[in-house]
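This report refers to the structure that appears directly beneath it.
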Amino acid sequence: MTYFPEEVVEHIFSFLPAQRDRNTVSLVCKVWYEIERLSRRSVFVGNCYAVRAERVALRFPNVRALTVKGKPHFADFNLVPPDWGGYAGPWIEAAARGCVGLEELRMKRMVVSDESLELLSRSFPRFRALVLISCEGFSTDGLAAIASHCKLLSELDLQENEVEDRGPRWLSCFPDSCTSLVSLNFACIKGEVNAGSLERLVSRSPNLRSLRLNRSVSVDTLAKILMRTPNLEDLGTGNLTDDFQTESYFRLTSALEKCKMLRSLSGFWDASPVCLSFIYPLCAQLTGLNLSYAPTLDASDLTKMISRCVKLQRLWVLDCISDKGLQVVASSCKDLQELRVFPSDFYVAGYSAVTEEGLVAISLGCPKLNSLLYFCHQMTNAALITVAKNCPNFTRFRLCILEPGKPDVMTNQPLDEGFGAIVRECKGLRRLSISGLLTDKVFMYIGKYAKQLEMLSIAFAGDSDKGMMHVMNGCKNLRKLEIRDSPFGDAALLGNVAKYETMRSLWMSSCNVTLKGCQVLASKMPMLNIEVINEWDGSNEMEENHGELPKVEKLYVYRTTAGARDDAPNFVKIL
Amino acid sequence: MGEAAESKKSRGHHSWMREPGDHHQHQDEEEKTLELSLGLPGGGGGGGGGWRAACRDKGKLSVAAATATDSSLLSPGYSTLVSHSSQGKAKGSPGAAHLPATGNALASNNNSSQTRSPSTPVIGWPPVRSFRRNLATSSKTSLELQNGKKAPKAEEIKRAPFIKINMDGIPIGRKIDLNAFDSYEKLSLAVDRLFRGLLAAQQAPLAAEAKVCPQEVAISGLLDGTGKYTLVYEDYEGDRVLVGDVPWGMFVSSVKRLRVLKTSDLSSSVSTSFHLPSYMLNLLLSPPYSEIVDFLSSMQLIASGRKRTAAEC
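Protein sequence lines, in the order shown, are assigned to chains A and B. Mapping the first sequence onto the working numbering, position 333 (from 1) lands on 318, and the numbers just tick up by one. Just so we're on the same page, the working numbering is the position in the second sequence counted from 1, plus 5.
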């Protein structure tokens, strides 16, 4: 291969789609390393602290698309204290210095400031796409900068971010010359937007395919917008209350009729059942439907709509749909691949209209199901075993029984056998979240069968260190392990230290790990960062239990080439 | 699932989401068969299983240590779920204080006499993002306003972070998620549950060693000054303010920290202000009364004017 000119080698590399493959070829020899790094167009950094931003920018100066992820997943549930880290600034600054051809930036669970967004908007003349997921630290002023200065912007996708509202002017900052928008998602923006600006922006964006509005956008505005976007494929509505002009009703109906390309719907904020009825004509063509922001809809409203969605592949609903509703889904949506059922009542001992029966019904009717997130109050081993047999194609299976440690409701046994069946039958399982009463046995099954598993979430489960060790020793492809409130201690933490080098990260909170155990790990594995996170300040220290080692409240372990990070707050100790 | 019927009382606003019909009957039958079972995990052995033994009494599930006669069954320092009023013990709440005490401080569950109350929320559980938690409450608000009125711009309830709460005389602080409550009454109940057991253990340490359930007394009157303890909060400016005056939403967005103080430690001027109804206080805060109040307070004739502040203890 070394006889080929560089351009030929580069061309061959361009056929390698996955970053993993490109990483591999870069290890072959220096020549290949150079060719590969200069021709790399897309870089994915799964943990922003695993490598220094400058080093990435230096190695890949011609990168066009950069993805960086920050906080650990449990940050979504407030388990990571604010100010922990995950700052986007260093990445944007390094890219601004070294990678001026950058066109796309995707960030997840990072802290992004308005200054960084301003820098971003001014540093990359060809910048096209900004995707921020579960980020925070910025305001609508930062968005104004992006709108104003990114002349070629085609994608602005804001998913579930915490954005400080500084008024509606940001949307008006898109210049009249901006006609390149393909995707605009501002559903997470809390404040109002100027309806006129929005309508004008949409009018001059002939390529718009995906538009997700926020709650403030009225039905009247939605109707006017939809008249201009017959090619829309994905729509997130504004609020769908039933207080709107009659004229809008007609406009909306006729506009929706023209949207032949529309495949995916979301939004439905404050949806009134009446509004659903004029979405019915669209249902037959929908492949994606997200009704999970509409606690105002009851099971019959939901089923009336969903029963028409015969081509549905992705469905997100609230548990008000009930088991009966899920039976309707099962009989209507034969192509269903992804289902998420969210809780509407968060009290642990509260009420949910879905049980194991709904899940079994779905598994019977939708054999193509491969991705599940299901919140419920009860489950049985029998149900899980049935589900596993009916749907062997699961790649993502997340079950959350709201009461921690709850056993099989019929037999009062742990749910080990049920989850055991899932990992045994679903050979392609990559992501698993378990809940309910679980002993070490379930981990023995997971270690034995879940060979493709990459991410495992554990809460209130297991009996002893053996549980965690089954997983650490058995799951060859494990990348992310997150554990809370489970009795795993130092023996488990130290049982297979070499494993951590093959993983992205480990999170353990409210377990039995001690500071001593963490120190031992740190001394054995210098290429890991061991972060001990302790939110309690000195004034509230609990009484020392003499003779017992202090337990580590939260532990975050990750491999890194960057050494200890220098932006850690004072409640994080890096060993 | 047997809680469904009882839980209607405490969460009436969710009743419109209920599915009537045979689902409940099915649950009641299940409930009966499970009523007396103590579910120690079958194959799991004794080790560590005790904390998870499910004890059903009058349809109420609780994470009981009732069977844990041997305290070593419970991993030391293992945080347990604080799921019911009986759980106000020294075992601590997950994710917050990590109590190293071994199981001997655990009082056995005394379920039969206690009335059902909503669960104390576990931090970060269920694993649902904050904006989804706010969704149900804010949608309810907009639903109520929708009737016959112009479509409202639904108020986004500002997300409150987990708030530290300390009680006088108890070295162990706790954390509480204000998003789980929508009224002062519920907050007050939760505070009672959080600290009741700790307070009892604190005041009767010998009882714990004798493995006798320490006498637990409800902590009441937190909001109106009638109880032994009073709930105050610290806002972002660091002032201490009595809990209960401002609308709930305003409170949630300004509170930084909660404290449960002994009522007797509060200054007498504050105690008397308990008797002033809110509308009067609001009156006093607006001109021209506010100027009079400021003048009088600058002459140190009355307690400081802008807020009712609890005296520093």
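From the three backbone atoms N, C-alpha and C, an ideal C-beta is built for every residue, glycine too.
Rank the options by C-alpha distance to the C-alpha of residue i and give the top, closest one.
| i | options | result |
| --- | --- | --- |
| A/L384 | A/L400, A/K353, A/S418 | A/S418 |
| A/S239 | A/P215, A/D219, A/V259, A/G223 | A/P215 |
| A/M454 | A/Q437, A/F445, A/N375, A/K426 | A/K426 |
| A/S119 | A/C163, A/F59, A/S337, A/F112 | A/F59 |
| A/P511 | A/F473, A/Y543, A/D551 | A/Y543 |
| B/Y189 | B/I224, B/R137, B/V257, B/G202 | B/V257 |
| A/L463 | A/T226, A/P472, A/N481, A/P2 | A/N481 |
| A/P328 | A/R415, A/L105, A/A338, A/E520 | A/A338 |
| B/R134 | A/S162, A/E140, A/G152, A/V65 | A/V65 |
| A/R25 | A/F45, A/D6, A/T9, A/D401 | A/F45 |
| A/R409 | A/I386, A/N375, A/S101, A/E103 | A/N375 |
| A/R550 | A/R5, A/G71, A/K54 | A/G71 |
| A/D450 | A/L438, A/Q312, A/D470 | A/D470 |
| A/N355 | A/V(-6), A/N397, A/Q298, A/Y332 | A/Q298 |
| A/T226 | A/V204, A/Y234, A/R236 | A/V204 |
| A/E516 | A/D393, A/D552, A/C318 | A/D552 |
| A/C163 | A/S98, A/S139, A/P377, A/A477 | A/S139 |
State buried or exposed for residue i, treating a residue as buried only when at least 16 other CB atoms are found within 10 Å of its CB.
| i | result |
| --- | --- |
| A/E242 | exposed |
| B/K63 | With a pLDDT of 34 at B/K63, under the threshold of 50, the modelled position of that residue is not reliable, and no figure is offered here. |
| A/K465 | buried |
| A/Y(-12) | exposed |
| A/V13 | exposed |
| A/E89 | buried |
| A/M457 | buried |
| A/A38 | buried |
Which whole-angstrom value describes the C-beta separation of residue i and residue j, a residue pair presumed to lie in contact below a C-beta threshold of 8 Å?
| i | j | result |
| --- | --- | --- |
| A/F253 | A/A269 | Wrong, their Cβ atoms sit about 18 Å apart, outside the cutoff. |
| A/I468 | A/C496 | 6 Å |
| A/L198 | A/G221 | 6 Å |
| A/N406 | A/I370 | It should be noted that the sequence gives Ala, not Asn, for residue 406 of chain A. About 4 Å; that satisfies the 8 Å criterion. |
| A/M395 | A/R415 | So it is not a contact: roughly 30 Å between Cβ atoms. |
| A/G391 | A/L422 | The sequence given here places Lys at residue 391 of chain A; Gly does not occur at that position. Right, their Cβ atoms sit about 6 Å apart. |
| A/A50 | A/T545 | Not quite, the Cβ-Cβ distance comes to about 23 Å (not below 8 Å), so this is no contact. |
| B/F200 | B/K180 | That pair is no contact at about 13 Å. |
| B/W130 | A/P389 | 7 Å |
Cutting at 7 Å between CB atoms, please list the residues of its own chain near residue i, excluding the five before and the five after it.
| i | result |
| --- | --- |
| A/A42 | A79, A80, R82, G83, C84 |
| A/P258 | L282, D286 |
| A/Y434 | V408, R409 |
| A/G310 | A284, L287, T288 |
Which of the three DSSP states, helix, strand or coil, is assigned to residue i?
| i | result |
| --- | --- |
| B/W130 | coil |
| A/W69 | coil |
| A/E149 | strand |
| B/N139 | helix |
| A/G86 | coil |
| A/K353 | coil |
| A/C173 | coil |
| A/A50 | strand |
| A/Q298 | coil |
| A/T9 | helix |
| A/C503 | helix |
| A/N275 | strand |
| A/G122 | strand |
| A/Q312 | helix |
| A/D470 | coil |
| A/G403 | helix |
| A/D255 | coil |
| A/K319 | coil |
| B/D250 | coil |
| A/F62 | helix |
Leaving out five residues before and five after residue i in sequence, what residues of the same chain have Cβ atoms less than 8 Å from its Cβ?
| i | result |
| --- | --- |
| A/L217 | L193, R194, S195, L196, L211, C244, M246, L247 |
| A/Q144 | V116, L117, I118, S119, N170, A172, C173 |
| A/L104 | I77, E78, A81 |
Hey, would you say the C-beta of residue i is under 8 Å away from at least one heavy atom of the ligand SAM?
| i | result |
| --- | --- |
| A/M512 | The ligand SAM is absent from the structure shown, which contains no ligands of any kind. |
Spatial neighbours of residue i within its chain, please: C-beta separation below 6 Å, excluding the five flanking residues on both sides.
| i | result |
| --- | --- |
| A/S251 | G221, N275 |
| A/F404 | I419, V427 |
| A/P160 | none |
| A/K209 | E184 |
| A/S182 | L156, S157 |
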